[in-house]
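**Student:**
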Amino acid sequence: MTFATIVEPTDDDHVLDLCAKHLARLNNDLRHSYNGHLAGDPRGRFSEGWRFPAIESDREPGFNQVTLVWRREMDEARPDSVGLIGTFRALYDRIPLREIPDSLYWYVTIRVPKRTCHRYLFQVGGAYHQDRVNPQTEKDGDGRTWSRFFTEETTRPIVLQAHERRILSRFVQHILPFRTPAAEEFLRSPGNPLPRDVYELDQAVGVVNFIDKVLAREERHNRIDYAICLREIEKILRLREPYSEPDNVTKEAFTRLYGEMWGQVPGWDLSVYDNPSHFLRMVRRHTFLGAFSHPKYGGNAMAVGWRFLEERFRDPGGNGVFDWRKAIEKPLGTNNEYVG
Amino acid sequence: MAEEYDIVIIGSGAGGAPIASELAGLENRALRILVLEKGPKLRTQEDNPAGGFSDFKRDELLNAGPEKRINWDGAGNTNRPFYSSHIEPDLNDEPHLWSGHDEQDPRVTVEGYTAQVVGGGTQLYGAVSLRFPERDFMLASADRPAGLPNDPYADPDVDIRDWPIGYDDLLPYYEKAETLVGINGTVDDVQTGAPAQEKKFPKNCYQTPLSPNPISQFALDGMKSIGAQVYRTPLAVITEAHAPSGRPTPGWVKTGYVNRYGDPLGYKSNTWVSLLRPAMRTHPGRIDLRANCTVTHLEASGKRITKVHYRDASGFPKSVGGKIVVVACSAIESVRLLMLSAEEDPTGLGKLLRHDEDGTPLGRYFLTHCFGGAEVSIPDGRRFDKTQSLDSDYATDWTSRLDFLRSNNMWAGAAIYNNTSDQSLPVTLARTDGANDLDTWWEGFDNDPDKTGEGMLGWMDADFGTRLSVSFMANQVPWRKNRIRLSDLRDKWNRKSAWVVKDWHPHDGHVMNTLARVCEDILLAGIPGTKREGTGIPWNRGVIGEGSVYGQGVRIANHILGGARFGTDRATSVLDPDCRVWDIDNLYVTDGCFMPTSGGANPTLTIQANSFRVADILKQAV
Numbered sequence: 001m002t003f004a005t006i007v008e009p010t011d012d013d014h015v016l017d018l019c020a021k022h023l024a025r026l027n028n029d030l031r032h033s034y035n036g037h038l039a040g041d042p043r044g045r046f047s048e049g050w051r052f053p054a055i056e057s058d059r060e061p062g063f064n065q066v067t068l069v070w071r072r073e074m075d076e077a078r079p080d081s082v083g084l085i086g087t088f089r090a091l092y093d094r095i096p097l098r099e100i101p102d103s104l105y106w107y108v109t110i111r112v113p114k115r116t117c118h119r120y121l122f123q124v125g126g127a128y129h130q131d132r133v134n135p136q137t138e139k140d141g142d143g144r145t146w147s148r149f150f151t152e153e154t155t156r157p158i159v160l161q162a163h164e165r166r167i168l169s170r171f172v173q174h175i176l177p178f179r180t181p182a183a184e185e186f187l188r189s190p191g192n193p194l195p196r197d198v199y200e201l202d203q204a205v206g207v208v209n210f211i212d213k214v215l216a217r218e219e220r221h222n223r224i225d226y227a228i229c230l231r232e233i234e235k236i237l238r239l240r241e242p243y244s245e246p247d248n249v250t251k252e253a254f255t256r257l258y259g260e261m262w263g264q265v266p267g268w269d270l271s272v273y274d275n276p277s278h279f280l281r282m283v284r285r286h287t288f289l290g291a292f293s294h295p296k297y298g299g300n301a302m303a304v305g306w307r308f309l310e311e312r313f314r315d316p317g318g319n320g321v322f323d324w325r326k327a328i329e330k331p332l333g334t335n336n337e338y339v340g
Numbered sequence: 001m002a003e004e005y006d007i008v009i010i011g012s013g014a015g016g017a018p019i020a021s022e023l024a025g026l027e028n029r030a031l032r033i034l035v036l037e038k039g040p041k042l043r044t045q046e047d048n049p050a051g052g053f054s055d056f057k058r059d060e061l062l063n064a065g066p067e068k069r070i071n072w073d074g075a076g077n078t079n080r081p082f083y084s085s086h087i088e089p090d091l092n093d094e095p096h097l098w099s100g101h102d103e104q105d106p107r108v109t110v111e112g113y114t115a116q117v118v119g120g121g122t123q124l125y126g127a128v129s130l131r132f133p134e135r136d137f138m139l140a141s142a143d144r145p146a147g148l149p150n151d152p153y154a155d156p157d158v159d160i161r162d163w164p165i166g167y168d169d170l171l172p173y174y175e176k177a178e179t180l181v182g183i184n185g186t187v188d189d190v191q192t193g194a195p196a197q198e199k200k201f202p203k204n205c206y207q208t209p210l211s212p213n214p215i216s217q218f219a220l221d222g223m224k225s226i227g228a229q230v231y232r233t234p235l236a237v238i239t240e241a242h243a244p245s246g247r248p249t250p251g252w253v254k255t256g257y258v259n260r261y262g263d264p265l266g267y268k269s270n271t272w273v274s275l276l277r278p279a280m281r282t283h284p285g286r287i288d289l290r291a292n293c294t295v296t297h298l299e300a301s302g303k304r305i306t307k308v309h310y311r312d313a314s315g316f317p318k319s320v321g322g323k324i325v326v327v328a329c330s331a332i333e334s335v336r337l338l339m340l341s342a343e344e345d346p347t348g349l350g351k352l353l354r355h356d357e358d359g360t361p362l363g364r365y366f367l368t369h370c371f372g373g374a375e376v377s378i379p380d381g382r383r384f385d386k387t388q389s390l391d392s393d394y395a396t397d398w399t400s401r402l403d404f405l406r407s408n409n410m411w412a413g414a415a416i417y418n419n420t421s422d423q424s425l426p427v428t429l430a431r432t433d434g435a436n437d438l439d440t441w442w443e444g445f446d447n448d449p450d451k452t453g454e455g456m457l458g459w460m461d462a463d464f465g466t467r468l469s470v471s472f473m474a475n476q477v478p479w480r481k482n483r484i485r486l487s488d489l490r491d492k493w494n495r496k497s498a499w500v501v502k503d504w505h506p507h508d509g510h511v512m513n514t515l516a517r518v519c520e521d522i523l524l525a526g527i528p529g530t531k532r533e534g535t536g537i538p539w540n541r542g543v544i545g546e547g548s549v550y551g552q553g554v555r556i557a558n559h560i561l562g563g564a565r566f567g568t569d570r571a572t573s574v575l576d577p578d579c580r581v582w583d584i585d586n587l588y589v590t591d592g593c594f595m596p597t598s599g600g601a602n603p604t605l606t607i608q609a610n611s612f613r614v615a616d617i618l619k620q621a622v
């Protein structure tokens, strides 16, 4: 366990730059309630509350800077102090927050290892509070609800259940081009430093992990679609191939279902989700994003999606036409100027 | 007692930053200048002393945005997805509405939003920095083609006005802008070396352009084949050390992360790195830049603006005073701010702004651009690394010449240029596949069942590194019906939102159809083996598609102009020739809303040049 260290606060203006767009307002309508997911929760007032705490790059490789912000209400008395406890330090170790003068904001920036997930609470006036902005929460073993964040490249499942991940894994295999003979040839090529099991490429690419993370944070409003539709898909696959686990049915069963989802799906309960094609479109978009967006989001592991494109697409002279490394930061890419 | 400044400038983009930088450099006076910017001041690597990280990233997801949903009951697109970059406003916080002239079924829209950040729209723009052709300043009085279809000159709802200044008036300021901003390109024809831009160009202020992307050769061949003079597109990206802004010799400049990306390294010449930052370094203490501050309204006493009211980064109300107040928060938002201010004080400031007057020009003659082009996948397996590009290599404004206009029955001309970085990156390729504007991202990919498995591979085989487009940017007819008004929809500050009422004039349709066909001709001539649509040959990959925004029910949101045009007639204009609001002694407006016609080219350089012009006027006024 690596404990988080506190980063010397030097730049109040940067914290205001992180906060103002999302948190400064007079109107308290729940305009950001993720289609009702935060109905009644004051966190639904804030635009893109998922951006909090802010996860940013750090000079130390393998770490992120995490800036946690406490915002008092405009008509609320100014507290004497604000503290923070979390699993990134010993839980008795209260970290004090710094107040930005003439503002509503208190903050602290800590250095946290990448690929980790943490619970935290603010301590204000002797009482412990969840984050008032970040909608991510998690219960501990005692049933107490904490706020939660995770850093870049985290692979720990956050919202998707194991059976959901297994079905989704099969589903995205069908969408991506990585089960094609051409892709498998690329993966088997000598010197390609990919995970050994090429048939797990979709997992290596990390699409399911990416979707898990995007549903935990940016697109929380789409989590319910995944829950309902993966349940429907599981039900239908069990009916069609009763002697196989749903994630282990034949490729043909997935192919058929995938095709049906553009229109009518026999056995699909339209009373619980009336538009299977909407879900299909969403999964396709998420799958593509997961395979080809920056690896820090949890997909495109080891930049394998980019490397596939780099290898496959060449000009008539055999030169690659997707030299992504030239623009991207080290050690992922080769750029000497841009640091990420 | 409010703080007092010599000048308060609202907005730090193309309209505001030139004035701040110029007046900060006054040698005989140390003026106190306040720049209020709604968005944050995001750092380049150089700006971040703590570790060299930039707040801008080469990151497709950060810049394309995850899915968000419109959450306004009653809007025509409630619950529809939208995708915006990290520096564009959240439409659920700060909506704009858009509808046709019937004002029915308004939709929440990205129309008119560029970026809310220090540097404004110049942080995200494609950096194409063309001057307007000379004829575009005098479209009312210049020789015009006869027999125009749906003749805009004969339409009583159309009011085509000459600018109160001409190209020659703006020429020294174009030169100043090009010099101080930092632009690369060429004046002369790339093959013959003869003058190629359709305007006087006595002085070359450009840096040397980078070598073009090889895919652009098809566009060059096509343009030359149809008789155009072709120059390297002026792009606001430095390619050499730039002394005026203190930026050193760039390292590796060519990257597809330019158009719609903020530049972490500061090579892209946004107004922060090119104008504001240098002025603040050279003249410390003269410019007070306050980011994250939203101006809510202006207050007047008599014929002067006495206070600028704003909300700070926490939302606390603040106000300041200025001897001069400059509004430059992009066309729609500037008009909205004037209207909101008028509503706060209907009998005072409202009267001065003629907000409720019958026939008020405020908000009227809103303009974008006629926009469209042609696009193709280069056939025969030819493929290029489009990520090693800026955005546009070759341009021509040959279509602004009177002989072209006459032979094509067009009232005004256009710039045409090829694009290179479009669809160069994998996520961008999918996101913009089949999209017509920023509202239709992902629709083409999402709705194509064939883009799966082998089908996805086949699509990428066809399109990755092969897409080439040629675009036009043409004048839009100034139509009285096209307007900005206030809606009852409230933003996060409980202020009325802007409602854009806009459609295309029938002559706009003719202009767009004509120019889209020219773009198609360029690709037909430049790429061996292509065929024109509509010739009986079935449409398939490798065959050119052409079109425009006209008739497709979509909008083009990147250029917003007009709505508070300047002129010599106070009855028909909002601003006088100095860009001062008629009847208000100390209020100036300098973003694109001053334009009476939209010009046949991208507008940012002209906005910057005009702001330098107004800065010279203000030097006498303060």
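As given, the protein sequences belong to chains D and S, one line each in that order. For the first sequence, the residue numbers in the numbering used here are 1 to 340. For the second sequence, the residue numbers in the numbering used here are 1 to 622. Glycine is no exception: its CB is placed at the ideal position from the N, C-alpha and C atoms. Computed from a predicted model, the values in this text were never measured in an experiment.
Short check: CB of residue 133 of chain D to CB of residue 71 of chain D, under 8 Å?
**Tutor:** Contact flag set, yes.
**Student:** Do residue 477 of chain S and residue 158 of chain S have their C-beta atoms closer together than 8 Å?
**Tutor:** Contact flag set, yes.
**Student:** Measuring only the C-alpha atoms, how far is residue 25 of chain S from residue 279 of chain S?
**Tutor:** So the two alpha carbons sit approximately 7 Å from each other.
**Student:** Of the residues that make up the region 261-273 of chain D, which ones have a beta carbon closer than 7 Å to any beta carbon in chain S?
**Tutor:** Listed by position, the residues of the region 261-273 of chain D near chain S (Cβ gap below 7 Å) are 262.
**Student:** Starting from residue 85 of chain D and walking both ways along the beta strand (DSSP E), at which residues does that stretch end?
**Tutor:** Its beta strand (DSSP E) spans residues 82-86.
**Student:** Please give the ranges of any beta strand (DSSP E) in the region 351-386 of chain S, keeping only runs that are unbroken, at least 3 residues long and fully inside the region.
**Tutor:** Runs of the beta strand (DSSP E) inside the region 351-386 of chain S: 370-377.
**Student:** What are the boundary residues of the alpha helix (DSSP H) that residue 301 of chain S is part of?
**Tutor:** Where residue 301 of chain S is concerned, there is no enclosing alpha helix (DSSP H), although the beta strand (DSSP E) it sits in stretches over 294-301.
**Student:** Beta-carbon within less than 8 Å of residue 570 of chain S's beta-carbon, same chain only, minus the 5 sequence neighbours each way: which residues are those?
**Tutor:** Here the set comprises 576, 582, 583.
**Student:** Which stretch, first to last residue, makes up the alpha helix (DSSP H) that contains residue 256 of chain D?
**Tutor:** Per DSSP, residue 256 of chain D belongs to the alpha helix (DSSP H) from 251-260.
**Student:** Do three or more CB pairs link the region 298-318 of chain D to the region 261-270 of chain D at distances below 8 Å?
**Tutor:** Too few Cβ pairs lie closer than 8 Å, so no.
**Student:** Does any residue of chain S have a CB that is nearer than 8 Å to the CB of residue 211 of chain D?
**Tutor:** Taking Cβ atoms only, chain S never reaches closer than 8 Å to residue 211 of chain D, which makes this a no.
**Student:** Please report the residue range of the alpha helix (DSSP H) in which residue 123 of chain S lies.
**Tutor:** Note, residue 123 of chain S: premise wrong, no alpha helix (DSSP H); not H, not E.
**Student:** Give me the subset of the region 276-295 of chain S whose CB atoms are less than 7 Å from a CB atom of chain D, sorted by chain position.
**Tutor:** Result list: 291, 292.
**Student:** Going by the CB atoms, is the gap between residue 111 of chain D and residue 63 of chain D shorter than 8 Å?
**Tutor:** Their beta carbons are under 8 Å apart, which means residue 63 of chain D touches residue 111 of chain D by this criterion.
**Student:** Only counting the same chain, and skipping five residues up and downstream in sequence, which positions put a Cβ closer than 7 Å to that of residue 281 of chain D?
**Tutor:** For residue 281 of chain D, where only same-chain residues beyond five positions count, there are no Cβ hits under 7 Å.
**Student:** For residue 205 of chain S, which of S:213, S:215, S:196, S:177 has the nearest alpha-carbon?
**Tutor:** Out of S:213, S:215, S:196, S:177, S:177 has the C-alpha closest to the C-alpha of residue 205 of chain S.
**Student:** Anything in the region 25-54 of chain S with a Cβ closer than 9 Å to a Cβ of chain D? List those residues in chain order, please.
**Tutor:** Against chain D - using a Cβ distance shorter than 9 Å - the residues of the region 25-54 of chain S are 38, 39, 40, 41, 42, 43, 45, 48, 49, 50, 51, 52, 53, 54.
**Student:** Within the same chain, show all residues whose beta-carbon is closer than 6 Å to that of residue 350 of chain S, passing over the 5 residues directly before and after it, in chain order.
**Tutor:** Closer than 6 Å at Cβ, skipping near neighbours: 342.
**Student:** Excluding sequence positions up to five away, which residues of its chain have a Cβ less than 7 Å from the Cβ of residue 19 of chain D?
**Tutor:** Only 69, 105 meet the Cβ criterion.
**Student:** Nearest-angstrom Cα distance between residue 474 of chain S and residue 192 of chain S?
**Tutor:** Rounded to whole angstroms, residue 474 of chain S to residue 192 of chain S spans 26 Å at the Cα level.
**Student:** Kindly list the residues whose CB is nearer than 7 Å to the CB of residue 214 of chain S, restricted to its own chain and excluding five residues on each side of it in sequence; keep chain order.
**Tutor:** Around residue 214 of chain S: 384.
**Student:** I think residue 58 of chain S touches residue 338 of chain D, with their Cβ atoms under 8 Å apart; what is that distance to the nearest whole Å?
**Tutor:** Going by Cβ atoms, the distance from residue 58 of chain S to residue 338 of chain D rounds to 6 Å, so yes, they are a contact pair.
**Student:** If we ignore side chains and look at the alpha-carbon of each, how far apart do residue 310 of chain D and residue 323 of chain D end up?
**Tutor:** Computed Cα separation, rounded: 6 Å.
**Student:** Whole angstroms is fine: what's the gap from residue 15 of chain S's alpha carbon to residue 479 of chain S's?
**Tutor:** Roughly 24 Å separates the two Cα atoms.
**Student:** In the DSSP assignment, the alpha helix (DSSP H) including residue 327 of chain D goes from what residue to what residue?
**Tutor:** Counting along the chain, residue 327 of chain D falls outside any alpha helix (DSSP H), and DSSP gives it neither H nor E.
**Student:** I want to verify the contact list: residues of chain D whose CB lies under 7 Å from the CB of residue 264 of chain S, in sequence order.
**Tutor:** 338, listed in chain order.
**Student:** What would DSSP say about residue 317 of chain S, mapped onto helix, strand or coil?
**Tutor:** Strand.
**Student:** Given a limit of 8 Å on CB to CB distance, which residues of the region 465-479 of chain S reach chain D?
**Tutor:** Taking 8 Å as the Cβ-Cβ cut-off against chain D, the residues of the region 465-479 of chain S that qualify are 465.
**Student:** Measure the C-alpha to C-alpha separation of residue 625 of chain S and residue 200 of chain S and round it to an integer number of angstroms.
**Tutor:** A query on residue 625 of chain S cannot be resolved here, the shown segment of chain S reaching from 1 to 622 and no further.
**Student:** Is it the case that the Cβ atoms of residue 180 of chain S and residue 244 of chain S are separated by a distance below 8 Å?
**Tutor:** Contact flag set, yes.
**Student:** Check whether chain S comes within 8 Å of residue 323 of chain D, counting only Cβ atoms and requiring the distance to be less than that.
**Tutor:** Judged by the 8 Å Cβ criterion, residue 323 of chain D is in contact with chain S.
**Student:** Mind listing the chain S neighbours of residue 297 of chain D? Cutoff is C-beta to C-beta under 8 Å, in chain order.
**Tutor:** Result: 61.
**Student:** Looking at the unbroken alpha helix (DSSP H) that takes in residue 455 of chain S, where does it start and where does it end?
**Tutor:** Note, residue 455 of chain S: alpha helix (DSSP H), 454-463.
**Student:** Between the Cα of residue 83 of chain D and those of D:75, D:170, D:121, D:54, spot the shortest distance and give me the residue it belongs to.
**Tutor:** It is D:121.
**Student:** Whole angstroms are fine: how far does the CA of residue 238 of chain S sit from the CA of residue 246 of chain S?
**Tutor:** Looking at the two C-alpha atoms, the distance is approximately 11 Å.
**Student:** Counting pairs of beta carbons, one from the region 39-54 of chain S and one from the region 267-275 of chain D, are three or more of them closer than 8 Å?
**Tutor:** Contact fails: fewer than three Cβ-Cβ distances are below 8 Å.
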